[in-house]
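Before any comments, here is the structure.
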Amino acid sequence: METAIQIQNVWKIFGNNSEEALDAIQNKNISKQEALEKYNSVIGVSNVSFDVNKGEIFCVMGLSGSGKSTLVRHINRLLEPTSGKILINNQDVMQFDKDSLQELRNKKIGMVFQNFALMPHRSVLDNIAMPLEIRGVSKNDRLDAANKILNIVELQGWGNKYAHELSGGMQQRVGLARALAADPEFLLMDEPFSALDPLIRRQLQSEFIKLSKQMKKTTVFITHDLDEAVRVGHRIAIMRDGAVVQIGTPEEIVINPADEYVADFVKGISRLKVVQAKTIMQSVKDYETKIGPLDNDSEIVNENDVLSKLIETSISKDKPIVVIDKNNQKIGVISQSDLLKAVVEGNENE
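Read in the numbering used here, the sequence shown has 349 at position 193, and its numbers run on one by one without any break.
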């Protein structure tokens, strides 16, 4: 996979003595509390490194104060790291001059915040078109682009309304449309749906997943909600006290938590939502050696289908399930005992 964003050993220390505090942290192993007491410095981000692949939705999650929102603001240098590197398409963002940085923010990166931040005196269309206006695009062209995005986020007919005439969910759609209007390569989304009620939040999550598949934007998605991270993200980084404690797919994190903190974090997530067919299947050869040839009318599932779907499929026919890959090639078999084992292991770990 092609790497789009690289975060390399990024530290952010807040305070006038940040450099001295960082030196003491790295060379004398002082604690977070000692950094505060001795240097009046607060550790916001602690030696974070990860890569984001092109077209990936990479979720960064943690509790309030974990450093996730601080971290995401380093990617387009809204915050300057105390130490470390940030590369976008193999270019070191820290070396960008003022003009290059402005071009990055205006053309390549779109941001969506928890606060919709819509201009109350502007119509929905004018709000969406604002990034293109800043870029100097003609009025006709930017309104044409805004209208197309309006259709994508399913707000047809609302272009001439104002923010106060829209529900919270609709306002967040406008915020997303504004970020997409300039056709950025990257999206930075900081808890975009957390201010909405659960039903609207889930609806917008579904729409965003659909939109992501359609537009293939590389996305860093900040959330404190593990259910949301599991549903939206291809991979998840879990943060605690400014540091990343584990990175993996939702399945990897739920099945193999790195420590007790992560285990406690994920204990409410059902394995039915994350365990995939390719994880619990056995090879066709092994199955046929033990049981015999597969029936031609066996149910077929995709290698990425999750346990809940596999159970539903198994119930419909009292036969083994055949697993296929993206090229429709048979790559494995799941028996009912395989399914039972996957469910029982999950219950034992709870």
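C-beta atoms are modelled at their ideal positions from N, C-alpha and C, and glycine is treated no differently. A quick note: this is a predicted structure, and the numbers were derived from the prediction, not measured.
Of the listed residues the options, nearest to residue i (C-alpha basis)
i	options	result
residue 404	194, 186, 213, 456	213
residue 161	362, 301, 211	211
residue 476	498, 460, 447, 482	447
residue 328	410, 269, 182, 187	269
residue 192	495, 246, 170, 262	170
residue 242	297, 316, 163, 217	163
residue 479	457, 491, 302, 181	457
residue 437	234, 484, 451, 491	491
residue 332	484, 287, 247	287
residue 433	400, 464, 409	464
residue 466	493, 309, 240, 313	493
residue 497	290, 484, 297, 427	427
residue 179	218, 224, 239	239
residue 223	487, 473, 400, 450	400
residue 346	218, 196, 483, 194	218
Sub-9 Å separation of residue i and residue j beta-carbons
i	j	result
residue 226	residue 398	yes
residue 244	residue 260	yes
residue 311	residue 330	yes
residue 389	residue 342	no
residue 443	residue 489	yes
residue 455	residue 435	no
residue 462	residue 425	no
residue 384	residue 359	no
residue 374	residue 208	yes
residue 205	residue 166	yes
residue 285	residue 319	no
residue 199	residue 184	no
residue 431	residue 407	yes
residue 334	residue 274	yes
residue 526	residue 201	In the structure as shown, the chain starts at 157 and stops at 506, and residue 526 therefore has no counterpart that could be examined.
residue 306	residue 315	yes
residue 364	residue 215	no
residue 440	residue 471	no
Anticipated Cβ contact below 8 Å, residue i with residue j, distance rounded
i	j	result
residue 344	residue 232	7 Å
residue 382	residue 349	In fact, because the Cβ distance is near 14 Å, the residues do not count as touching under 8 Å.
residue 402	residue 409	6 Å
residue 308	residue 262	Contact doesn't hold; Cβ gap of about 21 Å is too wide.
residue 264	residue 340	6 Å
Neighbour flag for residue i against chain D, beta carbons, 9 Å
i	result
residue 431	In the structure shown, chain D does not exist; there is a single protein chain.
Bridge-paired residues (DSSP) for residue i
i	result
residue 391	214
residue 379	217
residue 458	480
residue 486	480
residue 248	243
residue 267	344
residue 167	239
Review point. Given 8 Å as the limit, is there contact between the region 385-395 and the region 403-422, that is, 3 or more CB pairs closer than that?
Key: Under the 8 Å Cβ criterion, the region 385-395 counts as touching the region 403-422, having at least three qualifying pairs.
Check your understanding: Touch check for the region 370-384 and the region 170-181: three-plus C-beta pairs under 8 Å?
Key -> no
Exercise for review: Take every Cβ of the region 345-364, pair it with every Cβ of the region 279-292, and state whether three or more of those distances are shorter than 8 Å.
Suggested key: no
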